[in-house]
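Q: Below is a structure I'd like to ask you about.
2 protein chains.
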Amino acid sequence: MERHIALDDILQMEPAYRRNLMNSISGFKACNLIGTASYRKVANVAIFSSVVHIGATPPLLGFIMRPLTVPRQTYHNIKARGFFTVNAVTKAFYERAHQTSAKYPEAASEFEACGLTPQYTDTHPAPYVGESPVKLGLQLEEEHHIRANGTIFIVGKVVETLIDDSLLTTDGHLNLEQAGILTVAGLDSYYEPELLGRLDHARP
Amino acid sequence: MERHIALDDILQMEPAYRRNLMNSISGFKACNLIGTASYRKVANVAIFSSVVHIGATPPLLGFIMRPLTVPRQTYHNIKARGFFTVNAVTKAFYERAHQTSAKYPEAASEFEACGLTPQYTDTHPAPYVGESPVKLGLQLEEEHHIRANGTIFIVGKVVETLIDDSLLTTDGHLNLEQAGILTVAGLDSYYEPELLGRLDHARP
């Protein structure tokens, strides 16, 4: 049976129920850790499920920052240092990745608290997650404030990538499943994708 | 081995290689059909992998529209009618969903050309995809122009949902995998996610 839910019904739902429903209706999501460094060089890392492809030339990604109603270390650090990293989460460390969503004190590093390894290059100050097979370094490019709810769409340009060689295919496509990279649904459900098929470029 | 790729390397890649790489590095993506209606009531439908959760209260989703360098029916129709639908793609019809990415003439309906069923309600003029177990009706809320590459981040408010009853759990979370909902990587690789675990809310 198809259940019809109107906007009024959604607005009258119990908040946790609405949050679970609205976080799962858009489908499976990318599962990434975003790494940043504070002005005082504390390495911050937090899990995000909103990273989205914007373009290839120049290489651009975006993600949604929640409203600045409380201190947001990731946002603060990106503004202070101008760079951030996006790191794919795998089956091997997804429980540690999920743990980064806990509220740690500002002076603490989630890398240490959650058992993850910061990794640096000379290109920029933001820490990569050593455990990840697909690490992207991005420079802050734009931020767009969503008026409807106070969230911010952050746009970054990929200035560096560190990728496990074995995932790269001859045409540039990455075999994400080979490294155990996961997808997430809702706020807390982790999934392992299994390849169904690669389809040809569609023509009428 | 970890391959280090700098921005200059990316910009010098062969375009198709760069497109494949940049479309797969952000991880697994939501797999949705976006339905719109033209002023002349032609039902348009196209596959998108950039739908992202923005907020639950009010319920908001966003997605990336490619630059307006060529006619974009989806964009044109959203502007003309003010509404669009987001429909989850399942294993049962993902080949037909992929086929909507072909370039059909403006006067043709991709529903008909691809063997999909338009479904309407009295709430708004945009067509749902009858085959989909998770159908969302959205009102255009905002559009943000990404200066770096001319794409547009479209923000919509969910005004209606039609959901297969059996997917709804008691806390609002949807069991997407139960309906065979897929995830996509890169431009053309479709995956069936398998549940690994649902984790508790993280505390320090």
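For the protein sequence lines, the chains are A and B, in the order given.
Note that the first sequence covers residues 0 to 203 in numbering that gives the first Met the number 0.
Note that the second sequence covers residues 0 to 203 in numbering that gives the first Met the number 0.
Positions of the beta carbon are idealized from the N, C-alpha and C atoms, including for glycine.
Every value quoted in this text rests on a predicted model; they were computed, and no experiment measured them.
(1) So, is the C-beta of B:R71 closer than 8 Å to a C-beta in chain A?
(2) In chain C, which residues lie less than 7 Å from B:K78 when you measure between Cβ atoms?
(3) Assuming B:L115 contacts B:V128 under a Cβ cut-off of 8 Å, what Cβ separation, rounded to an integer in Å, is found between them?
(4) Taking the Cβ atom as the reference point for each residue, do A:Y190 and B:L60 lie within a distance shorter than 8 Å?
(5) How big is the Cα-Cα spacing for B:V44 and B:A106?
(6) Any idea which residues DSSP pairs A:F62 with across the strands?
(7) With a CB to CB cut of under 8 Å and the five nearest residues on each side skipped, what residues in its chain are close to A:I175?
(8) One question on the structure: do A:I33 and A:V85 come within less than 8 Å of each other, judged by their Cβ atoms?
(9) Are the region 19 to 26 of chain A and the region 51 to 68 of chain B touching, with three or more C-beta to C-beta distances below 8 Å?
(10) So that I know if they touch, is there some Cβ in chain B lying closer than 8 Å to that of A:P124?
(11) Assign A:N22 to one of three DSSP states: helix, strand, or coil.
(12) Contact between the region 140 to 157 of chain B and the region 65 to 81 of chain B: three or more CB pairs below 8 Å?
(13) Could you name the residues of chain B that A:Y16 contacts, counting a contact when the two beta carbons are closer than 7 Å?
(14) When the Cα atoms are used, what is the spatial distance from B:K90 to B:F62?
(15) The alpha helix (DSSP H) with A:H97 in it runs from where to where?
(16) Could you tell me whether any Cβ in chain A is nearer than 8 Å to the Cβ of B:R2?
(17) Quick check: is the beta carbon of A:K40 nearer than 8 Å to any beta carbon in chain B?
(18) Kindly indicate which residue of A:V183, A:L139 and A:V51 has the alpha-carbon position closest to the one of A:Y74.
A: Working from what's here:
(1) no
(2) The structure shown has no chain C; the protein chains it does contain are A and B.
(3) 6 Å
(4) no
(5) 13 Å
(6) A:I153
(7) Here residue 175 of chain A turns out to be Leu, not Ile, going by the sequence shown. For A:L175, where only same-chain residues beyond five positions count, the Cβ hits under 8 Å are A87, V133, L166 and P192.
(8) yes
(9) yes
(10) no
(11) helix
(12) yes
(13) D170 and G171
(14) 22 Å
(15) Y93 to Q98
(16) yes
(17) no
(18) A:L139
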